[in-house]
Amino acid sequence: MRIRVVPVTPFQQNCSVLWCERTREAAIVDPGGDLDQVLAAVAEEQVTPVRILLTHGHLDHAGGTAELAQRCSLPIEGPHRSDRFLIQDLPQHAAMFGLARMESFEPTRWLEQGDRVQFGDVELQVRHCPGHTPGHVVYFHEPGRFAIVGDVLFQGSVGRTDLPGGDHEALIRSIRENLFPLGDDVRFLSGHGPMSTFGEERRSNPFVGDFLFARR
């Protein structure tokens with residue numbers, strides 16, 4: 026599997042294009058906006074998008090989904106159905122931020138813990154990781170030891186939980202019980218900022234590192 030990260034919108038959200046090297050079939054993950062920029066990357070890599078994948082329903086990650094699905098006739102997979110209220114409220118949230126109109130939509134397929142998504146020969150495991158939002162999911166590519174974690178975990182930080190549906194205790198459980206057990210060697214791409222590894226965050230993250238829990 027190959028990946029190209031395309032930071033989009035003033036939120037500098039890490040939209041990504043993933044593709045199978047043999048078939049050149051691709052998935053576009055979290056198309057928050059700036060779709061011409063995303064599709065330019067698709068054209069440059071000479072890949073064919075076959076689906077949209079969403080980690081969660083916040084506007085910076087999902088805001089361009091309806092338009093992209095319509096422009097490219099793509100199915101939408103994810104997030105978990107618990108984020109339906111966020112997707113339905115996208116037009117209102119965009120107006121609150123003074124952004125161009127965003128359309129709500131209904132995913133082709135809601136995802137659950139243990140589901141699989143596929144493009145070409147690439148298969149991603151789905152992990153339901155509530156906390157930042159109730160329906161947040163993470164995509165894990167086991168052969169490549171790579172995860173797309175959205176806004177669950179960051180280099181040196183964790184996702185905020187002060188927005189509607191946020192739950193800090195659930196977020197910490199998601200990270201420590203559903204992500205860290207995948208292995209210290211797993212590299213991950215967050216929704217914003219640089220990549221890291223689960224091992225590095227276990228060692229040094231001031232919100233979820235092992236040293237915090239060894240004292241309990």
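Everything in the sequence shown is counted per my numbering, starting at 26 for the first residue and increasing by one.
Cβ atoms here follow ideal geometry from the backbone N, Cα and C, with glycine treated the same way.
Quick one: grab the DSSP three-state call for residue i.
i: Thr-80; result: coil
i: His-153; result: strand
i: His-166; result: strand
i: Leu-188; result: coil
i: Leu-99; result: coil
i: Arg-27; result: strand
Check the DSSP bridge columns for residue i and list the partner residues they point to.
i: Glu-50; result: Thr-73
i: Asn-39; result: Pro-32
i: Thr-222; result: Arg-212
i: Val-67; result: Answer by DSSP bridge pairing: none, since Val-67 is not bridged.
i: Ser-182; result: Phe-179
i: Ala-87; result: Answer is none; Ala-87 lacks a bridge partner.
Determine, using beta carbons only, whether residue i and residue j come nearer to each other than 9 angstroms.
i: His-161; j: Gln-150; result: no
i: Thr-133; j: Glu-102; result: yes
i: Thr-90; j: Pro-56; result: yes
i: Asn-230; j: Val-174; result: no
Note down the Cα distance separating residue i from residue j, rounded to an integer number of angstroms.
i: Phe-205; j: Gly-191; result: 20 angstroms
i: Phe-130; j: Leu-124; result: 18 angstroms
i: Pro-155; j: Ala-195; result: 6 angstroms
i: Gln-71; j: Arg-152; result: 29 angstroms
i: His-105; j: Leu-64; result: 26 angstroms
i: Val-30; j: Asp-85; result: 15 angstroms
i: Met-121; j: Val-177; result: 24 angstroms
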